[in-house]
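*Asks:*
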Amino acid sequence: MDEPDGERRKKQVIPKKAVSHEGVLGLNTAVTSLGDRKPLAPIENPMDLSFDSPSIMDISVTQEVEEKVNVNQVPDYIEDIYTYLREMEVKCKPKVGYMKKQPDITNNMRAILVDWLVEVGEEYKLQNETLHLAVNYIDRFLSSMSVLRGKLQLVGTAAMLLASKFEEIYPPEVAEFVYITDDTYTKKQVLRMEHLVLKVLSFDLAAPTINQFLTQYFLHQQTNVKVENLSMPESLSKMTGYTLESLKPCLMDLHKTYLRAAQHTQQSIREKYKSTKYHGVSLIDPPETLNLL
1 MDEPDGERRK
11 KQVIPKKAVS
21 HEGVLGLNTA
31 VTSLGDRKPL
41 APIENPMDLS
51 FDSPSIMDIS
61 VTQEVEEKVN
71 VNQVPDYIED
81 IYTYLREMEV
91 KCKPKVGYMK
101 KQPDITNNMR
111 AILVDWLVEV
121 GEEYKLQNET
131 LHLAVNYIDR
141 FLSSMSVLRG
151 KLQLVGTAAM
161 LLASKFEEIY
171 PPEVAEFVYI
181 TDDTYTKKQV
191 LRMEHLVLKV
201 LSFDLAAPTI
211 NQFLTQYFLH
221 QQTNVKVENL
231 SMPESLSKMT
241 GYTLESLKPC
251 LMDLHKTYLR
261 AAQHTQQSIR
271 EKYKSTKYHG
281 VSLIDPPETL
291 NLL
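First residue of the sequence shown? That's 1 in this note's numbering, and the numbers climb one at a time after it.
Shown next, in the form of structure tokens:
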């Protein structure tokens, strides 16, 4: 007579024995039981490790050190890149004489604004390209929009914020830009102006500046830091296509500004370029006259 399952389970006696470590882990004894260990026998026919052998692994990754690629150093596209930058320079430049159409601000107010932005850039250790982009955004914005003097600093703040976001790895927060205005404007006002600047500029923020043109030149010419800060080699003239004659009007204006630099009210740029980082170029005395013959 069959016993109930419950009674059968009661009568079963489980023998007590040590549970092996392999049993706990659930390993098969056929795998874990290796018997007596013996030294490996020598290989009678050594493997062929020639490059044609199927036994050899691909060691190309370990043999060759991966070279870091500089995206700017593309000799095959130098001319195309330069042509593109020149086209974008024309597209992204402000209108000539735009300040004459501004009813409430002047060139002097713009100079004060740029001088302040230089201080901001130095305070937050921003890239030079960030400052140059911000000035480009300001000039292009003022070329299309009339701005009251009470809002000019707001335009400059929004432009610097945009340039920082575009150029910097870790741009300052909006709250920082509100702080540098001494809380003259609120965070909401800065963000609204940022939106307006983007709209007026049609979101074209990748405007080429002097930094990009010089970077392209210095990448492909053997120059040192001092040459980069102090001179204009003939090779630079050849690459850009600008002759001394074509630069003459600009050089004359720059020379006049240079002569008055020490007495100018705004001194942030002069102070910046006194440092050894820029080889103290602002400390060089300007010549009384230019020999452009």
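Ideal placement from N, C-alpha and C gives every residue a C-beta, glycine not left out. Because the structure is a prediction, the values reported are computed rather than measured.
My output table needs one value for PRO249: the three-state DSSP class, helix, strand or coil.
*Replies:* PRO249 falls in the helix class under three-state DSSP.
*Asks:* Should the segment 194–206 be regarded as contacting the segment 108–117, the criterion being three or more beta carbon pairs within less than 8 Å?
*Replies:* No: fewer than three Cβ pairs fall under 8 Å.
*Asks:* Would ALA111 pass as a contact of GLN266 if the rule is Cβ separation under 8 Å?
*Replies:* Yes, Cβ-Cβ distance for ALA111 and GLN266 is below 8 Å.
*Asks:* Helix, strand or coil: how does DSSP classify LEU283 here?
*Replies:* Helix.
*Asks:* Three-state secondary structure (DSSP) at ASP80?
*Replies:* The answer is helix: DSSP assigns ASP80 an H, G or I state.
*Asks:* In whole angstroms, what separates the C-alpha of GLY23 from that of GLU168?
*Replies:* Confidence in GLY23 is poor, its pLDDT being 46 and thus under 50, which makes the residue's placement unreliable; the coordinate value appears in the next sentence. Their backbone Cα atoms lie some 59 Å apart in a straight line.
*Asks:* Have a look at LYS187 and PHE166 and give me their C-alpha separation to the nearest angstrom.
*Replies:* Rounded to whole angstroms, LYS187 to PHE166 spans 19 Å at the Cα level.
*Asks:* Have a look at GLN153 and THR181 and give me their C-alpha separation to the nearest angstrom.
*Replies:* Roughly 8 Å separates the two Cα atoms.
*Asks:* Just checking my contact of VAL174 with LEU162 at CB under 8 Å: how many whole Å lie between their CB atoms?
*Replies:* 11 Å between Cβ atoms; not a contact.
*Asks:* Could you check the C-alpha separation between SER99 and MET252 for me, to the nearest Å?
*Replies:* Looking at the sequence itself, residue 99 is Met, so the reference to Ser does not match. Each residue's Cα considered, the two are about 21 Å apart.
*Asks:* Taking 8 Å as the threshold, find out whether the segment 119–128 comes into contact with the segment 78–94 through three or more Cβ pairs.
*Replies:* Counting Cβ pairs under 8 Å, fewer than three are found: no touch.
*Asks:* So, using beta-carbon positions, are ARG149 and PRO94 closer together than 8 Å?
*Replies:* No, they are not a contact pair.
*Asks:* How is SER144 classed by DSSP in three states: helix, strand or coil?
*Replies:* Reduced to three states, the DSSP call for SER144 is helix.
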